[in-house]
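Visitor: Below you will find the structure I want to go over with you.
There are 2 protein chains.
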Amino acid sequence: MGITSKDIARICGVSRGTVDRALNNKPRIKQETKERILKTAQELGYRPDLIARSLVTGKTMSLGVVVFDIRNRYFAQLLNSIEITAKKRGYFVNITLQEKDPYMEIKLIDSLVDRRVDGIILCPVNKGDGVGEYLRNLPIPLVVVGNFISPGIPFIGIDEFKAASDAFKLIVSKGYQRIVFVCPPLADKDKENIYSHEKRLEGFMAAAEQMKAIEHIVIDNWDYMNEIKKLVKKNDLKTAFFCSGDTFALEIMKLFRSLKITIPDQVGIMGFDYIDTLEYVTPALSTIYNPVSEIGSKAVETLIDLIEGKEVEPYLLIEHKIIMGESL
Amino acid sequence: MGITSKDIARICGVSRGTVDRALNNKPRIKQETKERILKTAQELGYRPDLIARSLVTGKTMSLGVVVFDIRNRYFAQLLNSIEITAKKRGYFVNITLQEKDPYMEIKLIDSLVDRRVDGIILCPVNKGDGVGEYLRNLPIPLVVVGNFISPGIPFIGIDEFKAASDAFKLIVSKGYQRIVFVCPPLADKDKENIYSHEKRLEGFMAAAEQMKAIEHIVIDNWDYMNEIKKLVKKNDLKTAFFCSGDTFALEIMKLFRSLKITIPDQVGIMGFDYIDTLEYVTPALSTIYNPVSEIGSKAVETLIDLIEGKEVEPYLLIEHKIIMGESL
DNA sequence: TTGAAAGCGCTAACAG
DNA sequence: CTGTTAGCGCTTTCAA
C-alpha cells in the first residue's frame with residue numbers, strides 16, 4: 005500500500021535490521037544513522053504495517069468484547085469505559101454483539117480468537133460447566149463481567165446478593181409491609197445465564213427470611229405487568245415493588261401513571277442499576293448504583309494483567325451504592 | 005499457537021498448496037484428497053490465522069468506526085446497527101471514541117489505517133477543507149455520518165433543513181405565536197463540526213422568514229437554562245421551545261417541572277432525534293424521528309460497496325418523521 | 001555498530 | 001489434479 009521499512013532501508017543505504025533498530029529505538033545503533041533513518045521515515049510518511057508486526061510478534065494489541073446489545077444502557081456505559089481504558093493502555097477494542105444467542109456467542113469468541121485478539125471480555129449468555137471448560141481452554145485470556153460462569157475464569161461484578169438484601173432492608177425501613185420482587189429474567193433461567201438476577205433473588209429471599217413480619221412475593225415471568233395490575237387492586241398492605249432492573253421499574257411507573265396510582269403515596273418502587281435514563285424521570289427512582297464504568301475499566305486492567313502474565317484477583321467485587329430517590 | 009496449514013499438509017502427506025485448495029474450496033483438487041484434508045483439519049481443530057491471511061490478501065474484513073461517545077444514545081443506537089449490519093456482511097467492527105477531541109480524531113483514523121481496516125465510518129468533530137483533503141487522501145475508503153464535511157466524501161444523514169422547517173410549521177399549526185430555537189451547540193461553531201445543528205438552524209430561519217407573523221428567537225449558548233427562565237417570565241405570547249436535540253428538551257422539561265410550569269398548557273416543547281429515553285418521560289415529547297439505525301446500516305452498506313470498488317451515492321438522505329407527543 | 005538470513009502462516013502463480 | 005516457489009512486511013537471531 006504505502007512505504008515500507010524496506011524502502012527506507014534502500015533509500016538510506018542500510019539494512020532492514022538497522023531500520024528496525026532506529027524505528028523502535030533499540031540499542032546497538034549509531035546515533036547518527038538512527039537520526040538519518042528517522043528523518044527519512046518522517047519525510048516519507050512511513051507508517052508500520054501493524055498486521056505484519058502482529059504476525060511476527062503474535063500480539064495484536066487489541067481486545068475482543070462480547071456483549072448482548074449496545075442499545076442497552078448498561079452495556080453502552082460498560083463499553084464506553086472499556087474503550088476508554090483500553091485506549092489509555094494502547095489497546096484497540098473489537099466489539100461484537102451476540103444478541104442473547106448462545107450459539108452466536110461461541111461463534112463470536114471463536115472468530116475473535118481467529119483474529120488473534122490478545123484477550124477477551126465477555127458478558128456471557130451461556131452458562132454451565134460446558135462453557136466453563138471451553139473458556140478455560142481458550143488459547144488467550146478471558147475475563148467475565150456481570151454474569152459469573154465458573155471458578156477459574158476471572159470475574160468482575162458487584163455483590164448482587166448484598167445489594168438486593170440491602171435494598172430489602174431499606175424498603176422495610178420506609179414502613180412497607182409487602183415487598184414484591186419483580187424479576188422477569190428468572191423465567192429464562194433454563195436457557196440463559198442470569199446469574200446476577202438469581203443472586204439478587206437470593207439476597208431478597210435471605211432478607212425476607214430474616215424479617216418474617218414482611219410479606220414477600222416474587223414475580224418471575226414476563227407477564228409481570230398483568231400480575232402487578234392484579235396486585236395493586238387489593239389495597240390492604242403498604243406495598244413496594246423492588247425491580248431487578250431499572251427498565252422494569254420504569255415500565256411499572258408508566259403503568260401506574262396510566263392507572264392514576266401515585267408514587268410513593270400509594271405504592272413504593274425501587275429499581276436496580278441506576279441507568280442514566282433515570283435522570284429525566286419523575287418521581288426520581290430509588291435504585292442501586294451499579295458501578296458499571298468501574299467494572300469496565302477493572303475488566304480491562306485485569307485482562308491486560310492476564311495478557312502480561314501477571315497474577316489477578318479471580319473474583320473481584322466493586323462497591324455498589326444505594327441511591328435514594330422519591331419513589332419510596 | 006495452534007495447528008497450522010503446514011501441519012495438516014505434513015500429516016496428510018500433501019503440499020500446503022493443496023491444503024489451501026481444500027480449505028478454501030478452490031477448484032483443481034480431487035474430491036477424495038479434499039475430503040481427507042477437511043477431515044483431518046476438522047479433527048485437529050484447525051483454525052486459519054486471519055492475521056497471516058490479511059498480510060497476504062491485504063484485507064482484514066474489519067471496519068473502523070470513529071464517534072464521540074457511546075453513552076450518548078444516538079451513537080449507541082448507531083453503533084448497534086453498524087455492528088449488526090457489518091456482522092451480517094462478514095465484517096468485524098473496531099469502535100474508537102474521540103471524545104470530541106479533533107486531534108484524537110485524526111490520531112484514531114491513522115491508527116485504524118495502520119491496523120489495516122478495510123474502511124472507516126466517521127462521525128466527525130473536525131471540519132473544513134484541511135480534513136476534507138486529509139480524508140480524501142486516505143488509502144482506504146471512508147464514509148461520513150451525521151456531520152457533513154465536504155463534497156467528495158460520501159455522506160449519510162437526514163435532511164436537517166427540511167426537518168427543522170417541518171417542525172416549525174407544525175408548531176405554528178398548533179397555535180403558538182412565539183417559537184424559541186434552543187441550540188446550545190451553536191456556541192461551539194468555531195471549534196467543532198456542528199453541521200447538523202447549523203442546518204437545523206437554517207431550516208428554522210427559513211420557515212420563520214416565510215411566516216413573519218410568528219415571533220422567533222434563537223438561543224445559541226450553553227447558558228440556555230437561564231435564558232429560558234427569563235423568557236417564561238414574560239407570559240405574553242403563546243410560546244414553544246423547539247430544541248435541536250432531545251436531551252435539551254428533557255433538561256428544559258425538568259426545569260419547567262421544578263418551576264411548576266405545565267406542558268403543554270403553559271408552554272409547548274419539541275425535541276429532535278427521538279432518543280429511546282423518551283419512552284419513559286411524561287408528557288410524551290413531540291419530536292423528530294432521526295432514523296439512526298437506518299443511517300448506521302446504510303453507512304455500512306455504502307462503505308462495503310466502496311471497498312468492493314462499486315459506485316455509491318455521494319450524498320444519501322434518509323427519511324425523517326415527525327412524532328406527535330403531548331408536549332405541544 | 002551493522003548486515004544477512006530466517007521465519008511468522010498464509011495465498012498465489014506457475015510448473016509439472 | 002498436485003507440488004514448488006515466492007512473497008506479504010515485519011522482527012529476530014546470528015554473524016561479521
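The listed protein sequences derive, respectively, from chains A and B.
Note that the numbering used here gives residue 323 to position 319 of the first sequence, counting from 1, and the numbers run on in steps of one.
Note that the numbering used here gives residue 245 to position 241 of the second sequence, counting from 1, and the numbers run on in steps of one.
No residue lacks a Cβ here, since even glycine has one placed at the ideal position from N, Cα and C.
Quick caveat: nothing in here was measured; it's all calculated off a predicted structure.
Measuring alpha carbon to alpha carbon, tell me which residue in M328(A), E315(A), T286(A) and K237(A) is nearest L254(B).
Guide: Counting from one through the second sequence, the residue named residue 254(B) turns up at place 250. Checking every option, the nearest Cα to that of L254(B) belongs to T286(A).
Visitor: Considering only the beta carbon of each residue, do S331(B) and L289(B) sit closer than 7 Å?
Guide: Numbered from 1 along the second sequence, position 327 holds the residue referred to as residue 331(B). Numbered from 1 along the second sequence, position 285 holds the residue referred to as residue 289(B). It is a contact, given that the beta carbons lie within the stated cut-off.
Visitor: Run down chain B in chain order and give the residues with a C-beta less than 8 Å from the C-beta of D73(A).
Guide: As a position in the first sequence, residue 73(A) is number 69, starting the count at 1. Under the 8 Å cutoff, chain B gives N84.
Visitor: Taking the alpha carbon of T291(B) as the point to measure from, which residue in E317(B), I175(B) and L101(B) has its own alpha carbon closest?
Guide: On the second sequence, position 287 is the one that residue 291(B) refers to. The candidate whose alpha carbon is nearest that of T291(B) is I175(B).
Visitor: What does A303(B) touch in chain A if you count any residue whose Cβ is under 9 Å from its own?
Guide: If you number the second sequence from 1, residue 303(B) lands on position 299. The contacting residues do not exist; A303(B) stays about 15 Å from chain A at best.
Visitor: Measure how close the beta-carbons of R93(B) and I308(B) come, nearest whole angstrom, since I'm counting them as under 8 Å.
Guide: For the purposes of this step, residue 93(B) is taken as residue 89 along the second sequence, with counting starting at 1. For the purposes of this step, residue 308(B) is taken as residue 304 along the second sequence, with counting starting at 1. The C-beta separation of R93(B) from I308(B) comes to about 6 Å, placing the pair in contact by the 8 Å criterion.
Visitor: Go ahead and pull the three-state DSSP assignment for L259(B).
Guide: In the second sequence, counting from the first residue as 1, residue 259(B) sits at position 255. Judged by DSSP in its simplified three-state form, L259(B) adopts helix.
Visitor: Quick check: S169(B) and A211(B), are their CB atoms within less than 7 Å of each other?
Guide: Locating residue 169(B) in the second sequence gives position 165, where the first residue counts as 1. Locating residue 211(B) in the second sequence gives position 207, where the first residue counts as 1. Yes, the Cβ-Cβ distance between S169(B) and A211(B) is below 7 Å.
Visitor: Consult DSSP for L316(B) and reduce its assignment to one of helix, strand or coil.
Guide: Taking the first residue of the second sequence as 1, we reach residue 316(B) at position 312. What sits at residue 316(B) in the sequence shown is Val, not Leu. Residue state, collapsed to three classes: coil.
Visitor: Whose Cβ in chain A lies nearer than 9 Å to the Cβ of N98(B)?
Guide: Position 94 of the second sequence, counted from the first residue, corresponds to residue 98(B). Going along chain A in sequence order, the residues near N98(B) (Cβ under 9 Å) are S66, F96, V97, N98 and I99.
Visitor: Apart from the five residues just before and just after K104(A), which ones in its own chain have a Cβ nearer than 8 Å to its Cβ?
Guide: Sequence index remark: in the first sequence, residue 104(A) carries index 100 (1-based). Excluding sequence neighbours, K104(A) sits near F72, D73, V129 and E196.
Visitor: Could you pull the DSSP bridge partners for G161(A) from this structure?
Guide: Along the first sequence, read from residue 1 onward, the residue named residue 161(A) stands at position 157. Per DSSP, the beta bridge partners of G161(A) are L321(A).
Visitor: Suppose only complete runs of 3+ residues qualify. What are the beta strand (DSSP E) ranges in the stretch 217-270 of chain B, listed by chain order?
Guide: 219-223 and 243-247
Visitor: Could you give the C-beta distance for T89(B) and V304(B), rounded to a whole number, given that I count them as a contact under 8 Å?
Guide: On the second sequence, residue 89(B) is found 85 positions in, with the first residue counted as 1. On the second sequence, residue 304(B) is found 300 positions in, with the first residue counted as 1. With 8 Å as the limit, T89(B) and V304(B) qualify as a contact, their Cβ atoms being about 4 Å apart.
Visitor: So V23(A) and I41(A) are in contact, right, with Cβ under 8 Å, and what is the actual spacing, rounded?
Guide: Mapped onto the first sequence, residue 23(A) falls at position 19. Mapped onto the first sequence, residue 41(A) falls at position 37. So it is a contact: roughly 6 Å between Cβ atoms.
Visitor: Considering just the uninterrupted stretch of the alpha helix (DSSP H) at I311(B), what are its terminal residues?
Guide: Taking the first residue of the second sequence as position 1, residue 311(B) is located at position 307. Note, I311(B): alpha helix (DSSP H), V296 to I311.
Visitor: For a test of the three-state rule: what should DSSP assign to I55(A), helix, strand or coil?
Guide: Within the first sequence, the letter at position 51 stands for residue 55(A). Looking at I55(A) - three-state DSSP - the assignment turns out to be helix.
Visitor: By the DSSP assignment, the beta strand (DSSP E) with Y78(B) in it spans what residues?
Guide: Taking the second sequence and counting its residues from 1, the one referred to as residue 78(B) is at position 74. No beta strand (DSSP E) holds Y78(B); the alpha helix (DSSP H) holding it covers R77 to K92.
Visitor: Near R51(A), what residues of its chain come up, given a Cβ to Cβ distance below 6 Å and the 5 sequence neighbours on each side ignored?
Guide: Residue numbering aside, residue 51(A) sits at position 47 when the first sequence is read from its first letter. Cβ within range, chain order: n/a, list empty.
Visitor: Applying a beta-carbon distance threshold of less than 8 Å, which residues of chain B neighbour A288(A)?
Guide: In the first sequence, the residue the question calls residue 288(A) occupies position 284. The contacting residues do not exist; A288(A) stays about 10 Å from chain B at best.
Visitor: Looking only at C-alpha atoms, which of V271(B), Y180(B), F246(B) and I322(B) sits nearest to S297(B)?
Guide: For the purposes of this step, residue 297(B) is identified with residue 293 of the second sequence, where counting begins at 1. From the listed residues V271(B), Y180(B), F246(B) and I322(B), the smallest Cα separation to S297(B) is found for I322(B).
Visitor: How big is the Cα-Cα spacing for D269(A) and V121(B)?
Guide: Reading the first sequence from its first residue, position 265 is the one you call residue 269(A). Reading the second sequence from its first residue, position 117 is the one you call residue 121(B). Distance between the alpha carbons of D269(A) and V121(B) is about 57 Å.
Visitor: Mind checking which residues open and close the beta strand (DSSP E) that includes G123(A)?
Guide: Residue 123(A) sits at position 119 when you count from the first residue of the first sequence. Taken as a continuous stretch (DSSP letters only), the beta strand (DSSP E) holding G123(A) covers G123 to L126.
Visitor: According to DSSP, is R14(A) part of a helix, a strand, or is it coil?
Guide: Residue mapping note: residue 14(A) aligns to position 10 of the first sequence, counting from 1. For R14(A), the three-state secondary structure derived from DSSP is helix.
Visitor: Classify T100(B) as helix, strand or coil using the three-state DSSP reduction.
Guide: Within the second sequence, the letter at position 96 stands for residue 100(B). Strand.
Visitor: Three or more C-beta pairs closer than 8 Å, one from the stretch 179-186 of chain B and one from the stretch 133-152 of chain B: is that the case here?
Guide: no
Visitor: Would D98(A) and S58(A) qualify as a contact pair, given that the criterion is a beta-carbon distance under 7 Å?
Guide: For the purposes of this step, residue 98(A) is identified with residue 94 of the first sequence, where counting begins at 1. For the purposes of this step, residue 58(A) is identified with residue 54 of the first sequence, where counting begins at 1. Correcting the residue identity first, residue 98(A) is Asn in this sequence and not Asp. Not a contact, by the Cβ cut-off of 7 Å.
Visitor: Below 9 Å on C-beta distance, what does K258(B) contact in chain A?
Guide: Indexing the second sequence from 1 puts residue 258(B) at position 254. Within 9 Å Cβ-Cβ: E283, Y284 and T286.
Visitor: Could you check the C-alpha separation between G150(B) and I7(B) for me, to the nearest Å?
Guide: Position 146 of the second sequence, counted from the start, is the residue given in the question as residue 150(B). Position 3 of the second sequence, counted from the start, is the residue given in the question as residue 7(B). So the two alpha carbons sit approximately 45 Å from each other.
Visitor: Hey, how far is the Cα of F260(B) from the Cα of N225(B)?
Guide: On the second sequence, position 256 is the one that residue 260(B) refers to. On the second sequence, position 221 is the one that residue 225(B) refers to. Spanning the two alpha carbons is a distance of roughly 19 Å.
Visitor: Which of the three DSSP states, helix, strand or coil, is assigned to D277(B)?
Guide: Counting from 1 along the second sequence, the entry for residue 277(B) is found at position 273. Of the three classes helix, strand and coil, the one that applies to D277(B) here is strand, per DSSP.
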